[in-house]
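The structure appears below as structure tokens.
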Amino acid sequence: GAGVSQSPSNKVTEKGKDVELRCDPISGHTALYWYRQSLGQGLEFLIYFQGNSAPDKSGLPSDRFSAERTGGSVSTLTIQRTQQEDSAVYLCASSLAITETYEQYFGPGTRLTVT
Amino acid sequence: AQSVAQPEDQVNVAEGNPLTVKCTYSVSGNPYLFWYVQYPNRGLQFLLKYITGDNLVKGSYGFEAEFNKSQTSFHLKKPSALVSDSALYFCAVRKSGAGSYQLTFGKGTKLSVIP
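Line by line, the protein sequences are chains A and B. As numbered in our numbering, the first sequence has no gaps in its residue numbers, which increase by one up to the final residue, 459. As numbered in our numbering, the second sequence has no gaps in its residue numbers, which increase by one up to the final residue, 831.
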């Protein structure tokens with residue numbers, strides 16, 4: 345079946361611009377996660393959503409970062425006033441539920457380059 | 717706080733030889749442990765997980781991992797390496813119970829299988 349999809353696959357933006365990254369989780373998966381992968385920091389958790397519960401935003405690095413999930417499915421990660429240190433690959437993952445035993449399935453990522 | 721250490725940035729092994737990729741973890745309470753593999757320009761693919769029960773878990777593509785509670789380790793193994801196993805491998809942990817559901821990843825180990 346279809347896996348997690350993300351768009352765009354690549355995004356180049358100028359410093360100071362806003363960007364939106366999109367994630368379509370696997371159908372039926374109620375939990376959705378965002379991670380960031382960069383050379384210096386490895387894989388970092390950003391935020392997760394589970395059903396209608398309030399998201400866990402504890403990993404967001406600054407208030408320039410925000411995310412929403414509409415209708416319990418598609419999610420958008422927004423970065424305002426982008427900075428060069430935001431350059432990274434942004435990975436989305438989904439799982440059947442938020443309970444601990446379910447593995448997360450990852451999308452191919454969006455490579456963000458801030459010039 | 718939970719953490720994962722992958723002490724080797726790179727592991728080289730000859731094709732047909734056994735391979736081991738090391739992982740140690742730190743987490744309060746019982747751990748849930750995962751291995752993921754990342755091929756160039758691709759997202760992370762789930763390999764295997766330890767939740768409870770038998771300390772030796774088997775996963776995709778002939779990989780297995782052994783959970784050792786006393787040594788807080790979860791090393792990834794394969795009896796006979798293939799050139800196609802060359803990739804970046806990530807170990808991840810999350811703690812059991814309600815609360816923190818995100819994965820904490822190690823920095824990754826690059827595996828090169830030499831023909």
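Glycine is no exception: its CB is placed at the ideal position from the N, C-alpha and C atoms.
Using the rule of at least 16 other Cβ atoms within 10 Å of the residue's Cβ for burial, across every protein chain shown, is A:GLN385 buried or exposed? Its Cβ having fewer than 16 others within 10 Å, A:GLN385 is exposed.
Environment of B:ASP801 [buried if 16+ CB atoms lie within 10 Å]: buried
Any residues in the stretch 417-432 of chain A with a beta carbon nearer than 9 angstroms to a beta carbon of chain B? Which ones, in chain order? none
At the 9 angstroms Cβ level, is B:LYS794 part of the contact set with chain A, yes or no? no
Contact check, B:GLN726 vs B:GLY822 under 8 angstroms by CB: the rounded distance? Not confirmed; about 14 angstroms, so no contact.
CB contact check: B:THR825 to chain A, cutoff 9 angstroms: no
Could you tell me which residues DSSP puts in a beta bridge with B:HIS791? B:GLU782
Taking DSSP as the reference, what is the three-state secondary structure of B:SER800? helix
Option nearest A:SER287 by Cα separation, candidates A:GLU412, A:ARG413, A:TYR434, A:THR426: This structure cannot settle anything about residue 287 of chain A, because the visible part of chain A is limited to 345 through 459.
Could you give the residue range of the beta strand (DSSP E) that holds A:ARG408? Neither: A:ARG408 is in no beta strand (DSSP E) and is coded neither H nor E.
Leaving out the 5 sequence neighbours to the left and right, which residues in its chain are closer than 6 angstroms to B:PHE783 when beta-carbon positions are compared? In the same chain as B:PHE783, and ignoring 5 residues on each side of it, the C-beta atoms closer than 6 angstroms to its own belong to TYR766, ASN771, PHE790, in chain order.
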